[in-house]
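Residue numbers (full-length UniProt numbering), protein chains in the order written: chain A, 1 to 300; chain B, 1 to 786.
By construction, the Cβ of each residue, glycine as well, lies at the ideal position given by its N, Cα and C atoms.
What follows is a short report on a single structure.
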């Protein structure tokens with residue numbers, strides 16, 4: 001039985017492809033973008049998070065922990081990560097949902113069962129399922145099985161990818177995807193490496209190849225003030241895309257709604273908080289890109 | 001809106017509502033003069049006539065649709081023959097900060113010296129309580145059920161199209177014909193019928209004379225009017241009022257004025273919950289609109305102005321305040337006039353027309369709480385219609401609500417109505433299905449499902465008072481299975497429904513005998529043909545409803561018991577009872593366990609949803625089909641208005657984690673905060689209820705504005721609604737959360753766990769965000785769609 005690690009299945013997603021969708025978030029990402037608002041998606045393994053404000057200090061977690069990894073200090077449970085074996089017993093015992101395991105091993109069947117729950121909404125809205133992440137192609141066999149099952153059940157599929165994946169994998173999966181949401185961040189390779197952890201050659205190359213064979217690609221461009229919203233990057237992006245066959249470019253304005261997650265995960269957020277781009281800036285970028293004969297759409 | 005409408009609208013909003021003693025005075029005079037000398041239907045008709053002949057009338061500056069229940073806009077009469085306000089009541093309404101009605105010292109004096117002495121022992125409220133058993137009173141006081149007819153007359157009916165085809169001279173002919181057909185030799189009821197029909201005749205004449213007073217008033221004003229366009233308008237008003245309601249209307253203006261006279265008549269005769277409204281207004285007015293546009297005698301602009309003036313008239317009539325504890329607990333200015341738009345025509349074709357869109361524009365511009373409005377969405381309705389409504393819904397002031405036209409019709413067919421009558425019906429009040437103009441569909445009271453479970457868990461005793469008001473269904477500790485517990489609940493349910501219906505059957509007869517409504521009866525089929533009053537079974541269809549409240553709370557409570565007590569044995573029944581008795585004090589971990597680790601209704605989880613179905617079916621089987629005294633039967637509804645707050649206030653802590661006194665769930669919505677998987681999951685859960693067995697269900701869904709942004713936000717909203725209706729939903733009310741709601745969510749996260757914030761590529765629950773981010777979203781919300 002093929003299984004994968006999923007960190008969220010979100011129903012009524014309305015910004016990740018057409019219509020009403022269920023977005024399945026697969027865990028693990030080769031990139032680590034500074035602005036990432038889903039930091040729990042990055043590591044491929046399971047992680048435990050702690051919601052301090054939900055904790056009622058009952059001590060149930062500490063009492064059940066088989067490896068004595070949790071000590072209660074001043075009413076707050078402190079977990080020693082080294083000792084924790086991620087058995088999940090404390091999560092089961094915690095009555096207040098203060099402990100949560102990010103990442104759940106799921107079979108293809110069980111994911112499909114969740115997806116099918118909203119069939120009536122997909123049918124009504126021409127929606128479907130979006131596989132996102134992390135990088136969904138990072139679990140390519142699992143993703144392929146999911147896509148096969150959706151194809152069989154005539155459910156529209158979208159795959160939201162960073163493009164940072166071997167061409168062989170992309171090529172193999174592509175015929176089963178109804179719509180690609182392809183993220184493009186920075187054109188300059190060095191700058192790309194600085195802010196995402198990897199260089200962009202593979203990403204650009206893959207997009208070239210993919211778009212020559214498939215014409216169902218929406219490019220998603222996150223607008224991060226001060227990082228990729230400069231004229232030069234926008235123009236280079238426009239130039240690059242104008243040579244390809246893509247259906248549209250979506251501008252996704254930066255936001256920092258997810259920054260609390262870093263704290264819960266015990267990590268730090270690298271980006272010094274940047275304000276979301278102004279509407280003027282967004283329409284300016286949209287204007288520039290439009291000049292390259294691109295269909296530009298604000299937001300998802 | 002134009003200058004006239006803006007001025008009238010502002011006046012309506014700015015005028016402080018006040019109690020007008022005029023009606024009480026005139027009604028008392030008429031009773032003193034006629035009571036005991038004529039039959040009761042005749043008495044009620046003479047009271048109606050006396051009122052319409054003598055009440056003060058006015059035509060406001062700039063008004064083109066005329067007539068008020070009081071002497072001026074916002075003047076609110078009382079109905080002492082139903083329930084009589086005490087001086088303390090008057091002081092309370094006058095002095096309170098919110099929803100105050102001013103009462104003058106002079107009026108208080110009249111109330112004390114004239115009204116109270118006459119009505120003290122004669123009002124319906126007194127009569128009703130005198131006739132109710134100790135057992136009924138115990139249940140009433142415990143908050144098992146409420147009683148609708150205790151302060152208001154039976155209502156909940158809506159006009160159909162007959163008043164646009166017939167004037168009251170035509171109705172007089174019908175009544176006379178019916179009188180001539182009376183068979184005194186063979187029909188033992190012929191005398192009662194004769195008196196009822198004579199009463200109708202008096203009322204039909206009275207409403208025409210009432211309109212004549214407006215004609216005279218308009219002519220009088222015209223004579224002294226210097227401004228010549230206004231002078232012309234006043235002459236036109238005089239012309240309109242001399243034609244309707246005596247005759248059927250000839251044009252758009254007359255059609256609106258026709259309805260308005262009928263409306264004023266109905267709400268002056270009795271205080272009938274004021275759900276009375278024109279119903280399918282776009283259908284009724286369209287022939288006039290179309291004809292006049294074609295002939296060039298009306299413009300779209302003029303039609304809109306007339307409609308907007310008509311809208312304001314509704315807002316000018318606040319709901320008469322209640323008495324006693326109900327007055328102290330409830331405060332509202334608004335009644336439940338709920339105008340229907342769209343739907344299907346009598347022949348099954350799509351009912352949406354150009355006037356429907358014009359009315360939607362009116363709703364959008366007027367933004368008045370009264371009249372309330374809804375759209376009846378059918379599979380045939382164009383998307384443009386739904387999306388136009390969606391644009392208004394998105395603005396977040398609560399209108400229009402959305403109904404499933406096919407389901408509403410199916411509900412009526414299941415109840416045995418003809419397909420034509422069903423298609424010409426709709427929904428009124430909050431969500432109640434009815435055959436407009438042909439049915440008396442009375443809500444008799446809310447029923448507290450949660451309290452019945454509480455009493456079951458206490459073997460018949462109400463733990464709040466220690467009184468034994470239920471039956472002994474066994475100590476819960478001795479119940480061995482969930483099935484046994486459910487049976488015990490069903491037995492208690494049977495016991496309490498018996499008590500409620502026994503009381504209803506008496507109350508209904510009291511109204512049939514002492515408080516007929518001959519004016520209303522004229523316009524409801526088939527009262528004239530049968531010679532019977534609306535309150536005595538004269539209508540073509542006679543349905544009584546009991547409205548179940550708290551389905552979410554009771555489902556989750558039973559789910560906790562099934563899951564944690566019987567199946568997983570995480571807690572014993574004994575401990576559960578102890579924890580509930582102590583209102584979870586010192587047992588927060590147990591409460592959290594119940595709240596967070598139990599399958600709960602609203603998450604598309606069959607475990608919980610199956611329990612919902614069990615409770616729903618138990619309630620349905622207990623009530624549906626029982627006979628009432630008017631030749632009809634009982635049905636169920638699943639709506640709370642605001643009663644879920646009162647019912648929560650009398651119920652102790654419940655197993656779902658709800659603390660004592662907190663509101664129970666409303667309508668068929670999940671418990672506040674229990675649904676955690678978004679709107680599609682809620683819809684799937686709610687649709688598992690076989691809603692066609694009801695006469696209305698109410699589903700509320702909260703949306704943050706971000707979910708409705710842009711054209712796509714509207715499209716997806718439309719898809720969501722269509723999908724719910726495809727699954728069999730009756731109604732959905734979409735509330736766009738205000739910044740105030742979000743602030744409340746910051747304070748009480750538990751109850752708002754379901755608030756989703758959506759941004760492309762990311763989504764979270766509002767309560768997962770830090771305070772700073774929440775504040776940011778709040779401030780963004782304040783600047784949206786306004």
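Determine the extent of the alpha helix (DSSP H) in which residue i is found, giving its start and end residues.
i, result
"residue 135 of chain B", "134 to 142"
"residue 596 of chain B", "588 to 596"
"residue 555 of chain B", "551 to 560"
"residue 383 of chain B", "383 to 394"
"residue 306 of chain B", "300 to 315"
Hey, does residue i have any beta-carbon neighbour from chain A nearer than 8 Å?
i, result
"residue 779 of chain B", "no"
"residue 673 of chain B", "no"
"residue 679 of chain B", "yes"
"residue 770 of chain B", "yes"
"residue 156 of chain B", "no"
"residue 785 of chain B", "Note that residue 785 of chain B scores 43 on pLDDT, short of 50, meaning its location in the model is unreliable; the coordinates nonetheless yield the value given after this. Closer than 8 Å: no."
"residue 719 of chain B", "yes"
"residue 722 of chain B", "yes"
"residue 406 of chain B", "no"
"residue 605 of chain B", "no"
Rounded to whole angstroms, what's the CA-CA distance from residue i to residue j? Just pull it up for me.
i, j, result
"residue 223 of chain B", "residue 204 of chain B", "30 Å"
"residue 246 of chain A", "residue 341 of chain B", "43 Å"
"residue 753 of chain B", "residue 417 of chain B", "42 Å"
"residue 15 of chain B", "residue 63 of chain B", "16 Å"
"residue 441 of chain B", "residue 275 of chain B", "11 Å"
"residue 786 of chain B", "residue 66 of chain A", "At residue 786 of chain B, the pLDDT of 37 sits below 50, so the modelled position is not reliable and the matter cannot be decided from this model."
"residue 452 of chain B", "residue 266 of chain B", "37 Å"
"residue 682 of chain B", "residue 675 of chain B", "7 Å"
"residue 218 of chain A", "residue 129 of chain A", "15 Å"
"residue 357 of chain B", "residue 540 of chain B", "32 Å"
"residue 23 of chain A", "residue 132 of chain A", "7 Å"
"residue 468 of chain B", "residue 138 of chain B", "9 Å"
"residue 306 of chain B", "residue 65 of chain B", "7 Å"
"residue 678 of chain B", "residue 11 of chain A", "6 Å"
"residue 107 of chain A", "residue 146 of chain A", "9 Å"
In the DSSP assignment, the beta strand (DSSP E) including residue i goes from what residue to what residue?
i, result
"residue 311 of chain A", "Residue coverage of chain A in this structure runs from 1 to 300, which leaves residue 311 of chain A outside it and unanswerable."
"residue 69 of chain A", "Neither: residue 69 of chain A is in no beta strand (DSSP E) and is coded neither H nor E."
"residue 77 of chain B", "75 to 77"
"residue 106 of chain A", "104 to 107"
Report, in whole angstroms, the separation of the C-beta atoms of residue i and residue j, which I expect to be a contact under 8 Å.
i, j, result
"residue 424 of chain B", "residue 591 of chain B", "About 50 Å separates the two Cβ atoms, so there is no contact after all."
"residue 789 of chain B", "residue 501 of chain B", "Any answer about residue 789 of chain B is impossible in this case: the structure gives chain B only from 1 up to 786."
"residue 700 of chain B", "residue 649 of chain B", "The Cβ separation is near 20 Å, so there is no contact."
"residue 797 of chain B", "residue 554 of chain B", "Residue coverage of chain B in this structure runs from 1 to 786, which leaves residue 797 of chain B outside it and unanswerable."
"residue 485 of chain B", "residue 493 of chain B", "About 13 Å separates the two Cβ atoms, so there is no contact after all."
"residue 199 of chain B", "residue 45 of chain B", "4 Å"
"residue 4 of chain A", "residue 139 of chain A", "5 Å"
If you measure from the beta carbon of residue i to each beta carbon in chain B, is any gap under 8 Å?
i, result
"residue 124 of chain A", "yes"
"residue 25 of chain A", "no"
"residue 118 of chain A", "yes"
"residue 97 of chain A", "yes"
"residue 14 of chain A", "yes"
"residue 267 of chain A", "no"
Any heavy atom of the ligand ADP closer than 7 Å to the Cβ of residue i?
i, result
"residue 144 of chain A", "The ligand content of the structure shown is nil, which means the ligand ADP is not present either."
Practice item. Report yes or no: do the region 43 to 62 of chain A and the region 17 to 32 of chain A share at least 3 C-beta pairs separated by less than 8 Å? Key: Touching, yes.
Point to revise | Cβ pair count under 8 Å reaching 3, the region 638 to 653 of chain B against the region 710 to 728 of chain B | key: By the C-beta criterion, the region 638 to 653 of chain B is judged not to be in contact with the region 710 to 728 of chain B, since fewer than 3 inter-stretch pairs fall below 8 Å.
Exercise for review: Please confirm if the region 213 to 233 of chain A is in contact with the region 256 to 268 of chain A, defined as three or more CB-CB distances below 8 Å between the two stretches.
Suggested key: These segments do not touch.
Check your understanding: Is the region 231 to 249 of chain B close to the region 166 to 182 of chain B, with three or more CB pairs under 8 Å?
Key -> Cβ pair count under 8 Å is three or more, so yes.
Exercise for review: For the region 117 to 133 of chain A and the region 720 to 734 of chain B, state whether three or more C-beta atom pairs, one from each stretch, are separated by less than 8 Å.
Suggested key: The region 117 to 133 of chain A, when compared against the region 720 to 734 of chain B, does touch it at the 8 Å Cβ threshold.
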